[in-house]
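Chemist: Below you will find the structure I want to go over with you.
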């Protein structure tokens, strides 16, 4: 590419737009500046669908002024289409014929998309400098021939500059499907699980759960009765004040099951009825002995 002053605002803007179009291509058009002159672009445009230009590919030139983007570009059609004259600057609202309507925020992409919209205009709206009014059948015939038209500057046909999206998608899809099939086969062969033989476990005896032994509370042993009055009174006092012993087994303190509750009830009954009766009998015996000793000393 011929060297240009990269500090020039027009050169900076043109190079920026060229990078944007290269990084974000479209299936409806392709555009790029010439290698020896970045102010001249060659573009290939797809005919708008639903019109007699559908299926056609049209090549044209975009000439950018040195004051770009503050002045609009000029557009010249190169491929016969039946809609625009060849090698003639087209009069459209965003070309050099209407500089008062041009905005610096617009660019090459704006001109390409706008030109595609002007293909479908008919009647008075289609009249202007560089416009043609061919019959619909002739435009369809030219649309078919336009696909093989070759630009003498680019040395490529329109179909080579802008391939059909269905063809490119089908090629990418077929290559992608082959890759997916291969990977699927590899995945199937490598990730298929192998069933392991199931070994029956030997019959084990059911574990026997040992229940905690129930503690049977035996009635309190009756201590021997002393013949002296002092020992009798002290034993009675100790029995009254001594609390019942705490069970060693925590299960007994929490209830210990129904057997422990029944035994505790029987123990309570024995304690509440038997000790008073025995004490009364002991007191009577002591009184009799004391009375006998007194009588013996006296008599």
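Numbering (UniProt numbering), first residue to last: 1 to 299. Yeah, the Cβ is synthetic: ideal placement off N, Cα and C, and Gly gets one too. Predicted model only: the values in this text are computed from it and were never measured.
Let me know the secondary structure DSSP gives residue 73 once reduced to three states.
Modeler: coil
Chemist: Less than 8 Å between the CB atoms is what I'm expecting for residue 76 and residue 60, so what's the real figure, rounded?
Modeler: 6 Å
Chemist: With DSSP run on the structure shown, which of helix, strand or coil describes residue 89?
Modeler: strand
Chemist: Taking the alpha-carbon positions, what's the residue 164 to residue 147 distance?
Modeler: 10 Å
Chemist: To the nearest angstrom, how far is it from the Cα of residue 149 to the Cα of residue 129?
Modeler: 24 Å
Chemist: Does the separation of the CB atoms of residue 114 and residue 90 fall below 8 Å?
Modeler: no
Chemist: Which partner residues of residue 131 appear in the DSSP bridge assignment?
Modeler: 84, per the DSSP bridge assignment.
Chemist: Going along the chain, which residues of its own chain have a beta-carbon closer than 7 Å to the beta-carbon of residue 46, five neighbours each way excluded?
Modeler: 28, 29, 57, 162
Chemist: Report the rounded CA-to-CA distance for residue 132 versus residue 40, giving the unit in angstroms.
Modeler: 24 Å
Chemist: Given a threshold of 16 other Cβ atoms within 10 Å of its Cβ, counted over all protein chains shown, does residue 43 qualify as buried or as exposed?
Modeler: buried
Chemist: Locate the beta strand (DSSP E) running through residue 154, then write down its first and last residues.
Modeler: No beta strand (DSSP E) holds residue 154; DSSP gives it neither H nor E.
Chemist: Tell me where the beta strand (DSSP E) around residue 32 begins and ends.
Modeler: 29-33
Chemist: Does residue 51 come out as helix, strand or coil in the three-state DSSP assignment?
Modeler: The answer is coil: DSSP assigns residue 51 none of H, G, I, E or B.
Chemist: How far does the beta strand (DSSP E) with residue 60 in it reach, from first residue to last?
Modeler: 57-63
Chemist: Let me confirm a value: residue 321 is counted as buried when at least 16 other C-beta atoms fall within 10 Å, else exposed. Which label applies?
Modeler: Because the chain here runs from 1 to 299, residue 321 falls outside it and cannot be looked at.
Chemist: Determine, using beta carbons only, whether residue 68 and residue 112 come nearer to each other than 8 Å.
Modeler: Inclusion of residue 68 and residue 112 in the CB contact set at 8 Å is not warranted, their separation being larger than that value.
Chemist: For residue 218, which residues of its own chain have a beta-carbon under 6 Å away from its beta-carbon, when the five flanking residues on both sides are left out?
Modeler: Because residue 218 sits at a pLDDT of 42, beneath the cut-off of 50, its placement in the model cannot be relied upon, and the point is left open.
Chemist: Any heavy atom of the ligand NAD closer than 7 Å to the Cβ of residue 297?
Modeler: Questions concerning the ligand NAD fall outside what the structure shown contains, since it holds no ligand whatsoever.
Chemist: How big is the Cα-Cα spacing for residue 139 and residue 81?
Modeler: 6 Å
Chemist: Looking at the unbroken beta strand (DSSP E) that takes in residue 45, where does it start and where does it end?
Modeler: 40-46
Chemist: Which same chain residues end up closer than 6 Å to residue 48 when comparing Cβ atoms and leaving out the 5 residues on each side of it in sequence?
Modeler: 116, 119, 120
Chemist: For residue 55 versus residue 143, is the C-beta distance shorter than 8 Å?
Modeler: Yes; because the gap between Cβ atoms is below 8 Å, this pair is in contact.
Chemist: For residue 26 and residue 145, I'd like the C-alpha separation in whole angstroms.
Modeler: 22 Å
Chemist: In whole angstroms, what separates the C-alpha of residue 10 from that of residue 110?
Modeler: 17 Å
Chemist: Buried or exposed: which applies to residue 280, given that a residue is buried once 16 or more other Cβ atoms fall within 10 Å of its Cβ?
Modeler: Using a 10 angstroms sphere on the CB of residue 280, the tally of other CB atoms stays under 16, which defines it as exposed.
Chemist: Taking the alpha helix (DSSP H) that residue 122 falls in, what are its first and last residues?
Modeler: Unbroken run through residue 122: none, as it is neither H nor E.
Chemist: Classify residue 276 as helix, strand or coil using the three-state DSSP reduction.
Modeler: helix
Chemist: Whose C-beta lies closer than 7 Å to the C-beta of residue 74 among residues of the same chain, with five residues either side of it excluded?
Modeler: 63, 89, 95, 96
Chemist: Would you mind working out which of 4, 282, 20, 86 sits nearest residue 35, comparing C-alpha positions?
Modeler: 4
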